[in-house]
Structures are given as structure tokens and as C-alpha cells.
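To keep things clear, I will list the structure first and then write my remarks on it.
Protein chains: 2
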Amino acid sequence: MGRDDNDSSPQMGTALVHSMLEQRQDQAAGGRLVVNGGQPCRACPLADCEGLRQPPPDVRDWIAAFRHGDMRFARGEQVYAQATRPRFLYTVLSGVLMRSRLLEDGRRQIINFMFPGDFIGLQAALDAEMGHAVEAMTNVTLCTFVRERFFDLVAQQPRLSFDLTWLAAHEEAALEEHLVSLGQRNARERMAALAVFLVQRGIDTGIAPDGVLTLTVTQGQIAEMLGLSLVHTNRTLQALRRIGLVDWTLTSIRIPDIAAARAFAKIDGSVFSSRPYI
Amino acid sequence: MGRDDNDSSPQMGTALVHSMLEQRQDQAAGGRLVVNGGQPCRACPLADCEGLRQPPPDVRDWIAAFRHGDMRFARGEQVYAQATRPRFLYTVLSGVLMRSRLLEDGRRQIINFMFPGDFIGLQAALDAEMGHAVEAMTNVTLCTFVRERFFDLVAQQPRLSFDLTWLAAHEEAALEEHLVSLGQRNARERMAALAVFLVQRGIDTGIAPDGVLTLTVTQGQIAEMLGLSLVHTNRTLQALRRIGLVDWTLTSIRIPDIAAARAFAKIDGSVFSSRPYI
DNA sequence: GTGCTGCTATGTCAAATGACAGGGTTGGTT
DNA sequence: AACCAACCCTGTCATTTGACATAGCAGCAC
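Residue numbers (the UniProt record's numbering), protein chains in the order written: chain A, 1 to 278; chain B, 1 to 278.
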């Protein structure tokens, strides 16, 4: 292994490090707010989503008053930088994002991906620093809330508070699954598990209706998610393609036999009830 | 690697598998309830803990009425089995536990450790199956709550609801850190990071006052936490001892220079405010 | 004592994974 | 066209890590 124990050799191409630093700069996202005064929640794109449990009308009205506006980010832009305490919290309205954590020496671990309906910034809401960065993987639109008013939500809307806890607990469960991957599965199993995870979330959130998730994930990102080197990621991906287990290109993921892929990756089929959202 | 890609070779000593199966049987924990009618919360052992934020008196009274009793488990006993939906939720009053997740073929991943003040069973509270098992690493005493009444807590006590979300978010942050370990750190860094994590939690919860955590962790458990083989865990542990970075025996963990260990493991020193508890 | 069990330690070899170096493709820009 | 930036791919070799086999040692029951 080249990460020699403690001398912190460069570890990533300078190009990558460079781009990371650039991203760090346009972190603020300050001026870009687009308040969507018009039809806030009545036209919420999440209302059509099969996989989401819709809030009752009165709660929806409350959210409409609570929410602040919309915001858009382009693919590659950073929504949160690590170790900041931002002003806004978000719900994903459309698009996919990822959260990642950076080590001082440049190594980066992608923690998880966020799909429509997911809530962003819970750690920030609780007066803590963000332990990770959040970056858009596609063009995204986010529903924004003001952090300071977060406690109003908890105090006034036990239903939403419950939902928020629900989301946090299920996010935790997803991280557990990723931990199992990194700790116990070998490279091919990990990659299969990740593919199944992504496609399943795509199906559940309605953005991969026919079982094909259109999402551009570079092999470098896969490597950073799975804790593998870029080269080994490439080879493993090719191996899975050769077997016919997954059909994963730069821009889309397709799994011919998802049950077979689950079995291969040793994923126990826990069925999730439909997710709430805020 | 011996985990050859998909043939699921035995992978663990038969003795270990055997003991796991045994543990699976005494899972119910049904009849062992010890209702502590006397002085429930006034004498709460957590009240003395420096690292915990104490609830205000009225909330404490509410908890006293909400809580159900005490329960004790001996080292090695299982509190929750995986994929069950238990009747009780717990707060750790004393002792240390671990949560782990089992794969069908016997591989096991330890997810995290739980110290006094931690809340157990949030997933269960939200009507989901437990995705993991919970096992006592020492003799423990737990404060029990009835799962069905969980929504009362959310509805009636926004403060506690907030605290619960706080705990969930910070548990998530801990899992993120473990993910970074498994994904980006090599064996020695992982082990140092784990040692620092455990000792720090021990200090914060007052059970390692002099910086020495008395807790018996076998090398097999370390291996299952860090995603390493038992043999490699042994060798790595010896290497760390040789360097003088950690002094980790079967029954205790001591870190001569915790700052050095942090630097070695590349842990960024995020300072946590004091944790709430319920 | 003898056996047994759980844990730690070591030696040897094999497999998984990473490092390094280089080439190829695509797409955008000037 | 020439250049450049991302990204994907391949070959070769080094390192990390795992598998297997075995031994030692403490505790404990009988």
C-alpha cells in the first residue's frame, strides 16, 4: 500500500487536490438565493413521488410558512463546506448530492448520497459544525429553511420532529450498511452493494423509473466511496461488467438482475416503509 | 485475501460462529425486567456525569413518569438481536455496549460502541426492525422505556425530542468518522483512531477519569470493528505498542500521548459540546 | 494433575489491493 | 489544427493484508 504509514505522501493527483481547493472557495453560496415567492408547496415536486409519504394538509401549510425559498446548484458546486456553520438547511427537491469528509492530507471519503426528499444540514441545525462537505452531483434544486427557526419546528410540529428523527435514524442505518461494506466486503461485493444501493434509492425516489439510474459518477468518486484505489476500482468495475452483474458507465447505472446483485453483495433485503419528508 | 469473491468460505473459527449462535438464543431478555420502584430519577447515576447536560427539573420529572424501570445485563449478553422489533428502548445508565451487524455468511461488523447516556433503540422506536444487534461488553444497567409510548415523548416534550435528534445526529457523525477510518486509513491509523475514540468517550462519560479506560476488548472484537483479520490486528496492535503510541491490553486502554495519537491517526479535533440524555 | 476454553502470539505463504507510469478517448477552447 | 482538461484503461511491480497452521498461556472445572 502506498499510503505509507505516517509520512503522508501526496496520495492524489495534484489536479484533484487543486480542484478541491477551488471548490472550497465558492462555498459560501451566499448571494444565490432565489426566493420562489409564487407557489411554494402546492407545486412541490415531491408531492408526486410514490416513495414518499405526503404530509397532511395542515402540516403542509405550516411547512409552506416555515420554508424560506428555493436554491439551485449546478453539478460540482458545493452546498456546504466542511467545518462551517451555515445559515440554511435544505430539503432536496430534485437532483442528487453527495456528502464527503476530507482528511488533512487530502484523502477523501464519500459518506453517502442524497436523493430527493432527503434533509440536509441536521448537524448544522443542532448547533454543531458540519462534519462533512455537501456537493451537488447533478444540477439540483433545494428547498431552503432558516437555521435559526429550526427549534420552532421541533416545538410546534411534533409530527415533523418525529419525521426528522425518522430520517436521521434511517440515514444512520444507511451508514451502517456502508460500514459493513467497507469493513467486511471485498472490492467486488462493495461495488455491487453500492450499485444496488444507488439504483434502489433512484427507484424509490422516482428518478430511475425503469430501473436505470441516470447519474454521472466517475470512477474516482466510486473509489472515494468504497475506499479503493482508482486503478483497482477500474479493474473491479470491469470485472463486474464482465460477469454481467452491473452495467455501470460514467453516466448511468443499470442492474440486469437486481436480486442476483443483492445476493452477490450479501445484502439482506430489509424493506423500508415510505420515507417522510419536510 | 481469503474471502474469495463469492464462495463464502467459512471465514471464522467454528468456535466463534458457535458462540454467536448461542448468543442468538438468549436474545429475548423478556423475564428479566427489574422495575426499580424506589428512587427512579432522583438517584440517576447519570446526574453526576460531567460530560452530560442535565435536563431541567420539570423535564426530569416528566422522564421519571415516562420511564418504566431498570434492567441489567451481564457482559456478553445480548440486549437486542438483529432483525427483531423489541418492546423496550433504553438509555445506558452504566457500562459499555456495542452494536454489530451480521452477514448471512457469518461475517460480522461492529458498528459502534455505546457509553453511559447513550440511547438504544431509536430504529426500533420508529417502527423499523433493528438493523443490528446490541450486546453488553461489560455488566450494564439500562433505563427502560416502553416503545409504544415513544410518540408521547415526541408530542409532549419538544425539548426531549430535540435532544433525541441531537443524539441521532451525533451518532451519525461518529459513524462518519468510522467510515473514514475504514475507507481511508490503513490498519495502524485505524487502530489508533479507535483507541482515541474509545478513550475519549470514556473520559467524556466519566468512566475513564485518569485517561485509562478499563474495558475488556478482545483482539477479535477489534478486528471485527476495523475490518481486519484477527492475525493482522494482532500484529498491528503489537506495532503500535512497540512505537509506544497506545498501551492496549485485553482489559484496558491507555494512550500515553493522546495528541500524538490523534495526529498519527489524522483525527481533526472537533470539540463536542456536552451531550444531552433522556 | 488433566482437560478444556478463550485469548494472544508467530511463521509461512498466498491473495487482494495500491503505486507508478503511460496511453487512449472525448469534448471544449482558442 | 493545436492544445488542454477530464476521464477511462492497461501493464508491471511493491505493499498490505488475509489464510492457515501451530504454539503458548491463563483461567476454570472436575
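Just so it is clear, CB atoms sit at the ideal spot from N, CA and C, and this is done for glycine as well. All values derive from a computational prediction rather than experimental measurement.
Query raised in the report: CB-CB under 6 Å to residue 109/B, same chain, minus the five flanking residues each way: which ones, in chain order?
Result: Within the second sequence, numbered from 1, the residue matching residue 109/B stands at position 109. Excluding the 5 residues flanking it on each side, residue 109/B has same chain C-beta neighbours closer than 6 Å at 101, in chain order.
Query raised in the report: Going along the chain, which residues of its own chain have a beta-carbon closer than 7 Å to the beta-carbon of residue 26/B, five neighbours each way excluded?
Result: For the purposes of this step, residue 26/B is taken as the residue at position 26 of the second sequence. With a pLDDT of only 37 at residue 26/B, under the threshold of 50, the placement of this residue in the model should not be trusted; the figure read from the coordinates follows. Excluding its 5 nearest sequence neighbours in each direction, residue 26/B has C-beta neighbours in its own chain below 7 Å: 77, 78, listed in chain order.
Query raised in the report: Can you list the residues of chain B that residue 218/A reaches, using a CB-CB cut of under 7 Å?
Result: Stepping through the first sequence from its first residue, residue 218/A is reached at position 218. By Cβ distance, chain B contributes nothing, its closest Cβ being about 17 Å from residue 218/A, past 7 Å.
Query raised in the report: Is residue 282/A helix, strand or coil when you go by DSSP?
Result: Absent from the model: residue 282/A. The displayed extent of chain A is 1 to 278, so no value can be given.
Report task. Assign residue 256/A to one of two classes, buried (16 or more other C-beta atoms within 10 Å of its C-beta) or exposed (fewer than that). Result -> Taking the first residue of the first sequence as position 1, residue 256/A is located at position 256. Of the other Cβ atoms in all chains shown, fewer than 16 fall within 10 Å of the Cβ of residue 256/A; this residue is therefore exposed.
Requested in this report: Give the C-beta separation of residue 116/A and residue 49/A to the nearest angstrom, bearing in mind that I take them to be a contact with Cβ-Cβ under 8 Å.
Outcome: In the first sequence, counting from the first residue as 1, residue 116/A sits at position 116. In the first sequence, counting from the first residue as 1, residue 49/A sits at position 49. Contact flag correct, Cβ pair sits at about 7 Å.
Query raised in the report: Taking any Cβ of chain B, which residues in the region 105–117 of chain A have a Cβ under 7 Å from it, in chain order?
Result: Here the close residues are 105, 107, 109, 111.
Query raised in the report: Would a check of beta-carbon distances place residue 86/A closer than 8 Å to chain B?
Result: Your numbering for residue 86/A matches position 86 in the first sequence. Chain B contact via Cβ: absent.
Report task. Just tell me which of 221/B, 184/B, 220/B has its CA closest to the CA of residue 103/A. Result -> Taking the first sequence and counting its residues from 1, one reaches residue 103/A at position 103. Taking the Cα of residue 103/A as reference, the smallest distance to any Cα among 221/B, 184/B, 220/B is reached at 184/B.
**Report entry** Chain-order list of residues whose beta-carbon lies under 6 Å from that of residue 150/A (same chain, five-residue window excluded)
**Finding:** If you number the first sequence from 1, residue 150/A lands on position 150. Excluding residues within five positions, the ones whose Cβ falls inside 6 Å are 125.
Query raised in the report: So, is the C-beta of residue 266/B closer than 8 Å to a C-beta in chain A?
Result: If you number the second sequence from 1, residue 266/B lands on position 266. Residue contact check for residue 266/B against chain A: a CB pair falls below 8 Å.
Query raised in the report: For residue 226/B, which three-state DSSP category applies?
Result: Position 226 of the second sequence, counting from 1, holds the residue named residue 226/B. Residue 226/B carries a helical assignment under DSSP once its states are collapsed to helix, strand and coil.
Query raised in the report: How about residue 222/A and residue 205/A: are their beta carbons less than 8 Å apart?
Result: Here residue 222/A corresponds to residue number 222 of the first sequence, with the count starting at 1. Here residue 205/A corresponds to residue number 205 of the first sequence, with the count starting at 1. No. Outside cutoff.
Query raised in the report: Quick one, which residues of the region 162–188 of chain B are near chain A if we go by CB-CB under 7 Å, in chain order?
Result: Cβ contacts with chain A come from 162, 164, 165, 166, 168, 169, 171, 172, 173, 175, 176, 178, 179, 180, 182, 183, 184, 186, 188.
Query raised in the report: Exposed or buried, what is residue 158/B when buried is set at 16 or more other beta-carbons lying within 10 Å of its beta-carbon?
Result: Locating residue 158/B in the second sequence gives position 158, counting from the first residue. So residue 158/B counts as buried.
**Report entry** Reduced DSSP category for residue 130/A - H, G, I as helix; E, B as strand; rest coil
**Finding:** As a working note, residue 130/A is residue 130 in the first sequence. Assigned with DSSP and collapsed to three states, residue 130/A falls in coil, not helix or strand.
**Report entry** Buried versus exposed, by CB contacts within 10 Å (16 or more), residue 95/A
**Finding:** Position 95 of the first sequence, counting from 1, holds the residue named residue 95/A. Residue 95/A counts as buried, since no fewer than 16 other beta carbons sit within 10 angstroms of its beta carbon.
**Report entry** Where residue 67/A meets chain B, residues with beta-carbon distance less than 8 Å
**Finding:** Walking along the first sequence from the start, residue 67/A turns up at place 67. Here the premise fails: no neighbours, minimum Cβ distance about 19 Å.
Report task. Name the two residues that bound the continuous beta strand (DSSP E) containing residue 72/B. Result -> Here the question's residue 72/B lines up with position 72 in the second sequence. Under the DSSP assignment, residue 72/B falls in the beta strand (DSSP E) whose first and last residues are 69–73.
Report task. Tell me, please, whether the region 196–213 of chain A touches the region 129–137 of chain B by the rule of three or more beta-carbon pairs shorter than 8 Å. Result -> Because the criterion of three Cβ pairs below 8 Å is not met, the region 196–213 of chain A and the region 129–137 of chain B do not touch.
Report task. Answer yes or no: does any C-beta atom of chain A fall closer than 8 Å to that of residue 123/B? Result -> Along the second sequence, read from residue 1 onward, the residue named residue 123/B stands at position 123. It does; some Cβ of chain A falls within 8 Å.
Requested in this report: Starting from residue 102/A, trace the beta strand (DSSP E) both ways and give me its first and last residue.
Outcome: Looking up residue 102/A in the first sequence gives position 102. 97–102 is the span of the beta strand (DSSP E), which, as asked, contains residue 102/A.
Report task. May I have the straight-line CA-CA distance separating residue 225/B from residue 62/A, to the nearest angstrom? Result -> Position 225 of the second sequence, counted from the first residue, corresponds to residue 225/B. Position 62 of the first sequence, counted from the first residue, corresponds to residue 62/A. If I take the Cα positions, the gap works out to 44 Å.
Query raised in the report: Which whole-angstrom value is the C-beta distance of residue 129/B and residue 85/B, which I expect to be below 8 Å?
Result: In the second sequence, counting from the first residue as 1, residue 129/B sits at position 129. In the second sequence, counting from the first residue as 1, residue 85/B sits at position 85. Indeed, because the Cβ distance is near 6 Å, the residues count as touching under 8 Å.
**Report entry** Nearest candidate by alpha-carbon position, reference residue 114/B, set 70/B, 168/B, 265/B, 161/B
**Finding:** If you number the second sequence from 1, residue 114/B lands on position 114. Closest in alpha carbon position to residue 114/B, among 70/B, 168/B, 265/B, 161/B, is 168/B.
Query - Within chain B, the residues that residue 232/A reaches when beta carbons sit closer than 9 Å - result: Counting from 1 along the first sequence, the entry for residue 232/A is found at position 232. At a C-beta separation below 9 Å, residue 232/A has no neighbours in chain B, since its nearest C-beta there lies roughly 12 Å away.
Query raised in the report: List, in order along the chain, the chain B residues whose C-beta lies closer than 9 Å to that of residue 151/A?
Result: For the purposes of this step, residue 151/A is taken as residue 151 along the first sequence, with counting starting at 1. For the C-beta of residue 151/A, the chain B residues within less than 9 Å are, from N- to C-terminus, 158, 162.
Report task. Return no unless some Cβ of chain B is closer than 8 Å to the Cβ of residue 38/A. Result -> Here residue 38/A is taken as the residue at index 38 of the first sequence, counted from 1. Caution is warranted here: a pLDDT of 43 is assigned to residue 38/A, below 50, making its placement in the model unreliable, and no coordinate value can be reported.
Requested in this report: Look up residue 246/A in the DSSP assignment and say whether it is helix, strand or coil.
Outcome: On the first sequence, residue 246/A is found 246 positions in, with the first residue counted as 1. Reduced to three states, the DSSP call for residue 246/A is coil.
Report task. Name the two residues that bound the continuous beta strand (DSSP E) containing residue 252/A. Result -> The count along the first sequence starts at 1 and reaches residue 252/A at position 252. Residues 252–254.
Requested in this report: Would you mind listing the alpha helix (DSSP H) stretches within the region 141–170 of chain B that are 4+ residues and don't spill past its ends, in chain order?
Outcome: The region 141–170 of chain B contains these whole alpha helix (DSSP H) runs: 150–156.
**Report entry** Per-residue contacts from residue 227/B into chain A (C-beta, under 7 Å)
**Finding:** Here residue 227/B corresponds to residue number 227 of the second sequence, with the count starting at 1. Under a criterion of Cβ atoms nearer than 7 Å, the residues of chain A adjacent to residue 227/B are, in order, 182, 183, 184.
Query - Supposed close pair residue 111/B, residue 90/B - CB separation, criterion 8 Å - result: Position 111 of the second sequence, counted from the first residue, corresponds to residue 111/B. Position 90 of the second sequence, counted from the first residue, corresponds to residue 90/B. That pair is no contact at about 16 Å.
Query raised in the report: How about residue 236/B and residue 228/B: do their beta carbons lie closer than 8 Å?
Result: Along the second sequence, one-based indexing puts residue 236/B at 236. Along the second sequence, one-based indexing puts residue 228/B at 228. Result yes, Cβ atoms of residue 236/B and residue 228/B sit closer than 8 Å.
Query raised in the report: Is the distance from the Cβ of residue 198/B to the Cβ of residue 172/A below 8 Å?
Result: Sequence index remark: in the second sequence, residue 198/B carries index 198 (1-based). Sequence index remark: in the first sequence, residue 172/A carries index 172 (1-based). No Cβ-Cβ contact shorter than 8 Å links residue 198/B with residue 172/A.
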